[in-house]
Amino acid sequence: GENVGLHLPTLSVQEGDNSIINCAYSNSASDYFIWYKQESGKGPQFIIDIRSNMDKRQGQRVTVLLNKTVKHLSLQIAATQPGDSAVYFCAENSSGGYNKLIFGAGTRLAVHP
Amino acid sequence: GAVVSQHPSWVICKSGTSVKIECRSLDFQATTMFWYRQFPKQSLMLMATSNEGSKATYEQGVEKDKFLINHASLTLSTLTVTSAHPEDSSFYICSAVSLSGNTIYFGEGSWLTVV
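Have a look at this one:
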C-alpha cells in the first residue's frame, strides 16, 4: 500500500476487451479495500469496495477480487470503453477505523479504439 | 449524493507566503477529514487526519508547523500551507467521513503552484 515510484505503470487495452488491474497491499490487518478511478486534474472517484471477509464482489462491469493470502487485489473491467481511460488506485483501510486510507501506487489504463 | 467541496480549485502564490485551502462537506457532517497530497504521476499520499474540535494527527514526515490544519466545525476543515516554497506545489485533496463512518467522500482537489 505505500505509494512509491515516479512513473505510473500503464495498461493498454483495446476497446471492448477486458482489463485487469492489479494491486499489492502492505498491511495484513487491513480489513477494507476500495478501488478508485482518477481522471486528470480531478479527485478520486469511487468504483467498488470489498471487505476482508469476502474474496469477490461484483458491480456494474467491474469485479474486485481479494486474495488475503498474498495480499493482492485486482480490478476487472469488462468490455473496456474509452471513458474508462484514467488512473486507477487501490486503497486499504489499515487503521481499523476512521476510514484512514492508504493508497497504492496506481496504474494508468489507456483504452485504444 | 453527498458532496465534498474544495476551495480554491487552483491557486498561485509567491514563495514565502501562506495559502489556505478549504474542505467543506456540503450536505453531511464529518467529524473526520483527511488531507492528501499528490505530485504529478504519483499516488495520493496521506498528510494528516483532521479531527473536529481537536488537533490534527500528522503522518510521519509531514511538518505540522508548515501544514496547519483546523477543523473548527463538522463541515469545514482548512489546510494552510505556511511559508510556501516551490516544492510545495502539488495537488491537495481532502476526504470526509460521514458521521455514520460508513462512507468516504473525496473532494475534487486543489492545485497549488508556488512561484
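Sequence order for the protein chains is A and B.
Counting from 28, one number per residue, gives the positions in the first sequence under this note's numbering.
Counting from 1085, one number per residue, gives the positions in the second sequence under this note's numbering.
All C-beta atoms in this analysis are idealised placements derived from N, C-alpha and C, irrespective of residue type, glycine included.
{"Query": "Span separating the alpha-carbon of Lys-1150(B) from that of Thr-1166(B)", "Result": "5 Å"}
{"Query": "The region 32-50 of chain A / the region 106-114 of chain A touching (three or more Cβ pairs under 8 Å)", "Result": "yes"}
{"Query": "Cβ neighbours of Tyr-59(A) in the same chain (closer than 6 Å, five flanking residues each side left out)", "Result": "Arg-78, Asn-120"}
{"Query": "Unbroken beta strand (DSSP E) run spanning Ala-118(A), endpoints", "Result": "113-120"}
{"Query": "Distance CB(Glu-1184(B))-CB(Arg-1121(B)) smaller than 8 Å", "Result": "Position check: residue 1184(B) holds Ser in this sequence, whereas Glu was assumed. Not in contact: Ser-1184(B) and Arg-1121(B) (Cβ atoms no closer than 8 Å)."}
{"Query": "Strand pairing of Tyr-101(A), partner residues [DSSP]", "Result": "Per the sequence shown, the amino acid found at residue 101(A) is Ser instead of Tyr. Paired residues: Asn-49(A), Leu-92(A)."}
{"Query": "Buried/exposed call for Asn-94(A), threshold 16 Cβ in 10 Å", "Result": "exposed"}
{"Query": "For Pro-1092(B) and Ala-113(A), the rounded distance between their alpha carbons", "Result": "24 Å"}
{"Query": "Where Glu-1106(B) sits in the DSSP three-state scheme", "Result": "strand"}
{"Query": "Below-8 Å beta-carbon distance, Ser-1127(B) vs any chain A residue", "Result": "yes"}
{"Query": "Distance between beta carbons of Ser-1157(B) and Glu-1143(B), contact taken as under 8 Å", "Result": "With 8 Å as the limit, Glu-1143(B) and Ser-1157(B) do not qualify as a contact, their Cβ atoms being about 23 Å apart."}
{"Query": "Contacts around Gln-103(A), its chain only, beta-carbon distance under 6 Å, and the 5 residues preceding and following it disregarded", "Result": "Ile-47, Thr-90"}
{"Query": "Neighbourhood of Gly-32(A) by C-beta distance below 6 Å, restricted to the same chain and skipping five residues each side", "Result": "Legend: pLDDT at Gly-32(A) = 42, less than 50; position of this residue unreliable, no value from coordinates given."}
{"Query": "Asn-126(A) at chain E interface by Cβ criterion, 8 Å", "Result": "The structure shown contains no chain E; its protein chains are A and B."}
{"Query": "Cross-strand partners of Gln-65(A) (DSSP beta bridge)", "Result": "Val-114(A)"}
{"Query": "When Pro-140(A), Leu-100(A), Arg-135(A) are compared against Ser-53(A), the one with the closest alpha-carbon", "Result": "Leu-100(A)"}
{"Query": "Rounded straight-line distance, which links the Cα of Ser-1182(B) to that of Ile-1188(B)", "Result": "7 Å"}
{"Query": "Gln-1126(B) classed as buried or exposed, judged by whether at least 16 other C-beta atoms fall within 10 angstroms", "Result": "buried"}
{"Query": "Short Cβ contact (8 Å threshold) for Leu-1163(B) with Ile-1153(B)", "Result": "yes"}
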